[in-house]
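Trainee:
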Amino acid sequence: MNSAANTDLSVVADTANRAAIFEPMTNEDERPTITVAGVHVALYVDPASRQFRVSIDLDDTESWLLRSDKDSTVPLRICVQGDVTFEG
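For the sequence shown, position 81 matches number 1399 in our numbering, and the numbering has no gaps at all.
If you want it as structure tokens, here you go:
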């Protein structure tokens, strides 16, 4: 993907969103995931606890999405039923 420094960020974000990849669970060792801009999100029902779980893996995040702080953190906003439950 192009560097955000040379491209309007809204275009870069739109391109990333349109290139989202869905990977279904194909065996017992995997979970279904959606990947956008290198961020992998697993969404699944845990049969033992009967919980809906969301797991976010940020290791492959596209560089244009990283903050410029010392830890190169990724801005996240998590909403449940329209209410922000986490922002950071």
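Note that the Cβ used here is the ideal one computed from N, Cα and C, for glycine as well.
Since we're looking at a predicted model, the values are computed, not measured.
Give every residue of the same chain whose Cβ lies closer than 7 angstroms to the Cβ of F1340, excluding the five residues on either side of it in the sequence, and list them in chain order.
Mentor: The residue labelled residue 1340 in the question sits at position 22 within the sequence shown. Cβ within range, chain order: I1352.
Trainee: Any idea which residues DSSP pairs A1360 with across the strands?
Mentor: Numbered from 1 along the sequence shown, position 42 holds the residue referred to as residue 1360. DSSP, once it has assigned bridges, lists T1351, S1373 as partnering A1360.
Trainee: Near S1328, which residues of its chain fall below 8 angstroms by C-beta distance, leaving aside the five closest residues on each side in sequence?
Mentor: Stepping through the sequence shown from its first residue, residue 1328 is reached at position 10. Excluding residues within five positions, none has a Cβ falling inside 8 angstroms.
Trainee: If distances are taken between C-alpha atoms only, which option among S1367, N1345, A1334, R1368 comes closest to H1358?
Mentor: Along the sequence shown, read from residue 1 onward, the residue named residue 1358 stands at position 40. Closest by alpha carbon: A1334.
Trainee: Going by C-alpha distance, which of D1364, D1377, T1403 is nearest G1356?
Mentor: For this step, residue 1356 is matched to residue 38 along the sequence shown. The candidate whose alpha carbon is nearest that of G1356 is D1377.
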